[in-house]
Each structure stands twice: as structure tokens, then as C-alpha cells.
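Visitor:
Numbering (my numbering), first residue to last: 809 to 1267.
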């Protein structure tokens, strides 16, 4: 654990002390080394719970998310190079430092075995994200987006803190392994019901559940590219991970909580998919598609079967890579045309033919085409939900159909059609962008060869 956290913290002095010429090279190389080192966590161990230190532990649920977290830092640094090139050196250093600061907090949040530490790191990730959005966003609306993000997260996580303290008073410990051994304290009384509700709501807002998702499209649209990648690929997964951890702890959830959350999640997947079909803004479309995918994750985590957990786990990892890649592609378009409106960026295939290939690959994996892990995840979740109640197949089936529809709509509007008359010349795509896309797509294609690494089941 420490051999990842310490180098990550040492990235800060690297950033601040590197000479101007080697700033990007040093930080990217260092973070890629950390990412390579973190791949060892994926190795299945004989013990279900590896405890590297007393307050952290890695099991099959957290290890894929930890590796994803380390893998995305170099990619975020790579993606941000272009839009920071005109900034003064000090600001570049501050930007990279902000990205690096989030990393240890995320690693702690995904590996904490103690609820207080989990809560602290869960909340601490909010501050650097807020700095990224409100300082390096593209438009003046970034301030309102930051306020939305801050207040949604804070209002939902205060009840979480109260319930964590209440649990500590009841049981006397907040250690996850100990909580798993004590008989469930949150029974069907009013207290138990409200406690479970408070525990879940904090993660539902982060995940986000349809109805509590209004901060997400705003934050995504206003954030710089690194902020969008961070939000889509990692911060949403904090919500899903929290739901999986908490539901495993508190025992079976009562039906009063089950049904509203499940209904909202599945209905939300359907609604946000249909909202995507009416979007004019590219980043907003990708943000809404994240809501619909995370809806499936929430629905699966609610029914608490092995199949559902496994499907939710695979979907979280594959969605993290896919949506991050889509945001990078949207950003390459934005940097060339300086607009996110779909009507103004159509017909780019003849101008950027290699980028069109990446668009095709990213969109096909977003709509869960075989042989991607997205397909495996969605099928697993659908089977688990169908097994729980056969009516859910109507909602999940419609959501899948709409997902395919808006994905193809996005591909066709950006790549096909006549070129707008105002685009006369575009800057070519460069090696850095192709490397960025390759590093997103390679893990996705390799993981289907051994999905047990990310399925949360001991192999």
C-alpha cells in the first residue's frame, strides 16, 4: 500500500521542483511507473482480504478500482497538456499538483477498512475537484457548477456522518471486518430505516441516482478535460463502491428502501438515455450517458446477489474507461473547433480520419458491443435483475435500445454529414492524442480475456 501512496505523494515535489522543460515528461513518466506498479493489486491472493497496513485493506471489490485510479492519473496529465500550454509555469504546476492531490485521497477511500477514514477521504476528494472546476473551467458558469457540486455533496453526506457516529455508539467499532461479524443493528425499526436511508443517500448523490443527478451534467460541461475524466471515471465510482460496501455491511435492506431506489435507478436509465437523444451539447450528452450507466450499477447493487455485484463491478470499471475516452475525444474536437455544439462539429471524418477510428471504437464499446467488457457487465446485470423480477427486462431492454440509439446518433453527427462551411482548416491529430486513446482502449480489450480480475469474485 505504502509503496504506491508514498511515490504518489512524492509526485508533488517532483512537480514543484522539476525544471520547466521537463515538467510534463517527469510527471507523466513518474505516474505511469506508479500505474504499472499498481497492477500487482490485481493478482488474486489466497486470502480474500489483503491488509497492507492496519487501516487499509484490499479485497476483490476494491483492487480493480484502485488500479483504475492509478491508471488514470498519467492519462489525465497527458490529456491536459494542450489546453495548459499558454498558461504561466506556476499555474501549470498548481494544476498538476491539484490532480496529484486527489490521488492519495482516492486510494485511501477505495482501500479504507475503517468507516471514519473512508468518510474523510470520500469528502476530501471534493476539494481538489472543486478547485479544478472553478479555476480551470471554460466558461463563467463554472462557478454555479461548482456550487451545485459542493452543496449536493455536502447536504447528502452530513446524514452519512451522523449515521457513522450513531453506528459507532451502537457497536463500539467502525472497522469493516468487525462490522461484518456483528449482527445487523439496522433492523426494521424507524431508526434502522432512516439510518439505511442516510447511508445510501450520500452514495446515491455521488453515483448519481436519477433525480439527484442535476449537479453532474453541469459539472461535466464546465470542467476542464482532466476534471471531466476524473468525475466520470473515478468520483462516480466512489458512489457505486460505497453502495456495495455499505449494503454488504448492514445486512438485507428493507423493501421500503429497495423498491424506490431500484425503480428510480432503472427508470432513470431509461429517462437519461432518452434525454441524450435530444442533447445539442456533446459533453452534456456523454455526462447524461454516465447517469444511465450508473443507474444499472445502482439497481444491481440494490438486489445484493453475487451475479449482480459481479456485473456492477465490471460495469464500473469498463464505464470508467469508456466514458473517460469519450470525454478525451470530445475534448480533441473542442480544442480544434472551440465549440461543443453537435451541429457545428459535424462531418469531421474526412479531416481527422484516424480520430474517426477512435470515435468508432469508443462508441461501440459505449453501446456494449461484443467483445467488450461492457457487454458482459450489462448482460450479467440484466440476468440478475430478470431473476429478481421478470418485469425489469422491459426497462433494461428499453434502456439498452436507447443507449444504442444515442450512441449511434453521437457517432453519426460528429463524423458523418457535410462539413460546416466555417471550418476551413483543422490542426492535425498528434501522437499524444493517439497514445491517450490507445491507453484507454488497450485495458478494455485485454480485460475481456480475463474478466475475473475485475468481477469482484475470487478466482
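The beta carbon of each residue, even a glycine, is placed where N, CA and C say it ideally should be.
Would you tell me roughly how many angstroms separate the C-alpha atoms of residue 909 and residue 879, rounded to the nearest one?
Guide: Cα to Cα, the separation comes out at about 15 Å.
Visitor: Give the DSSP-derived three-state secondary structure of residue 1186 in the structure shown.
Guide: The answer is helix: DSSP assigns residue 1186 an H, G or I state.
Visitor: On the DSSP bridge assignment, give the partners of residue 885 in chain order.
Guide: None; residue 885 has no bridge partner.
Visitor: Distance, Cα to Cα, residue 1018 vs residue 1103?
Guide: Cα to Cα, the separation comes out at about 7 Å.
Visitor: By a C-beta neighbour count over all protein chains shown, 10 Å radius and 16 as the cutoff for buried, is residue 1267 buried or exposed?
Guide: Low confidence applies here, because residue 1267 scores a pLDDT of 43, under 50, leaving its location unreliable; read the following figure in that light. Exposed, because fewer than 16 other Cβ atoms sit within 10 Å of the Cβ of residue 1267.
Visitor: Please work out which residues of its chain come closer than 6 Å, Cβ to Cβ, to residue 1176, disregarding the five sequence neighbours upstream and downstream, and give them in chain order.
Guide: Excluding positions up to five away in sequence, the list reads 1182, 1183, 1186.
Visitor: In terms of residues, what are the limits of the alpha helix (DSSP H) holding residue 1130?
Guide: Unbroken alpha helix (DSSP H) run through residue 1130: 1114-1145.
Visitor: In the structure shown, what three-state DSSP assignment does residue 936 receive?
Guide: In the structure shown, residue 936 sits in a helix (DSSP, three-state: H, G or I).
Visitor: Do residue 927 and residue 969 have their CB atoms nearer than 8 Å?
Guide: For residue 927 and residue 969, yes; Cβs fall inside 8 Å.
Visitor: If we count Cβ pairs, one from each stretch, closer than 8 Å, do we get three or more for the stretch 979-998 versus the stretch 1042-1051?
Guide: Contact between the stretch 979-998 and the stretch 1042-1051 is absent, because fewer than three Cβ pairs lie under 8 Å.
Visitor: Measuring CB to CB, does residue 960 end up less than 8 Å from residue 863?
Guide: Going by C-beta atoms, residue 960 is not nearer than 8 Å to residue 863.
Visitor: Leaving aside the five residues before and after residue 1192 along the sequence, list all residues of the same chain whose C-beta is less than 8 Å from its C-beta, in chain order.
Guide: Result list for residue 1192: 1108, 1111, 1113, 1115, 1116, 1119, in chain order.
Visitor: Using the Cβ count rule (16 or more neighbours within 10 Å means buried), how would you classify residue 1229?
Guide: Its Cβ having fewer than 16 others within 10 Å, residue 1229 is exposed.
Visitor: Hey, residue 1014 and residue 966 are a contact pair by Cβ (cut 8 Å); roughly how many whole angstroms apart?
Guide: That pair is no contact at about 14 Å.
Visitor: Please give the ranges of any alpha helix (DSSP H) in the stretch 950-999, keeping only runs that are unbroken, at least 4 residues long and fully inside the region.
Guide: Taking only runs of at least 4 residues, the alpha helix (DSSP H) segments lying wholly in the stretch 950-999 are 950-979, 984-989.
Visitor: Tell me the rounded alpha-carbon separation between residue 897 and residue 833.
Guide: If I take the Cα positions, the gap works out to 14 Å.
Visitor: State the beta-bridge partners of residue 861 as determined by DSSP.
Guide: Answer is 864, bridged to residue 861.
Visitor: Which residue's Cα is closest to the Cα of residue 931: 1234, 913, 838?
Guide: The candidate whose alpha carbon is nearest that of residue 931 is 913.
Visitor: Please classify residue 1015: does DSSP put it in a helix, a strand, or coil?
Guide: In this structure, residue 1015 counts as coil in the three-state DSSP scheme.
Visitor: Tell whether a beta-carbon distance below 8 Å holds between residue 1042 and residue 1028.
Guide: No.
Visitor: Could you check what DSSP says for residue 1176 in three-state terms: helix, strand or coil?
Guide: Residue 1176: coil per DSSP, three-state reduction.
Visitor: What does DSSP give as the partner residue(s) for residue 1063 in the beta ladder?
Guide: Residue 1063 is not bridged to any residue.
Visitor: Does the stretch 1131-1147 touch the stretch 1244-1255, meaning 3 or more C-beta pairs lie closer than 8 Å?
Guide: Yes, the stretch 1244-1255 touches the stretch 1131-1147.
Visitor: Applying the criterion that 16 or more other CB atoms from any shown protein chain within 10 Å of the CB defines a buried residue, is residue 1224 buried or exposed?
Guide: By the 10 Å Cβ count, residue 1224 comes out exposed.
Visitor: Mapping the DSSP letters down to three states, classify residue 1267 as helix, strand or coil.
Guide: Note that residue 1267 scores a pLDDT of 43, beneath 50, so its modelled location is shaky; the value from the coordinates is reported in the next line. Here residue 1267 sits in coil by DSSP.
Visitor: Please state the DSSP three-state secondary structure of residue 920.
Guide: The answer is strand: DSSP assigns residue 920 an E or B state.
Visitor: According to DSSP, is residue 1149 part of a helix, a strand, or is it coil?
Guide: In the structure shown, residue 1149 sits in a strand (DSSP, three-state: E or B).
Visitor: Whole angstroms is fine: what's the gap from residue 810's alpha carbon to residue 1080's?
Guide: Taking the straight line from one Cα to the other gives about 40 Å.
Visitor: Specify, as a first and last residue, the run of the alpha helix (DSSP H) that residue 821 falls within.
Guide: It spans 810-825 - the alpha helix (DSSP H) in which residue 821 sits, taken as one unbroken run.
Visitor: Relative to the C-alpha of residue 1002, which residue among 971, 977, 976 is closest?
Guide: It is 971.
Visitor: Going by beta carbon distance, what residues of the same chain come within less than 8 Å of residue 939, once the five residues before and after it are set aside?
Guide: If we look at residue 939 and ignore the five residues flanking it on each side, its Cβ neighbours are 906.
Visitor: Taking 8 Å as the threshold (C-beta atoms), are residue 1154 and residue 1088 in contact?
Guide: Contact: no.
Visitor: Quick check on the DSSP output: what are the complete alpha helix (DSSP H) runs of length 4 or more inside the stretch 1206-1255, in order along the chain?
Guide: DSSP runs (the alpha helix (DSSP H)) wholly in the stretch 1206-1255: 1239-1255.
Visitor: Where residue 1210 and residue 1078 are concerned, what is the direct C-alpha to C-alpha distance, given to the nearest angstrom?
Guide: Each residue's alpha carbon lies about 7 Å from the other.
Visitor: Excluding sequence positions up to five away, which residues of its chain have a Cβ less than 8 Å from the Cβ of residue 861?
Guide: Taken in chain order, the residues that qualify are 809, 810.
Visitor: Since residue 1004 and residue 1020 are thought to touch, with beta carbons under 8 Å apart, how far apart are those beta carbons, to the nearest angstrom?
Guide: Not a contact, Cβ separation roughly 16 Å.
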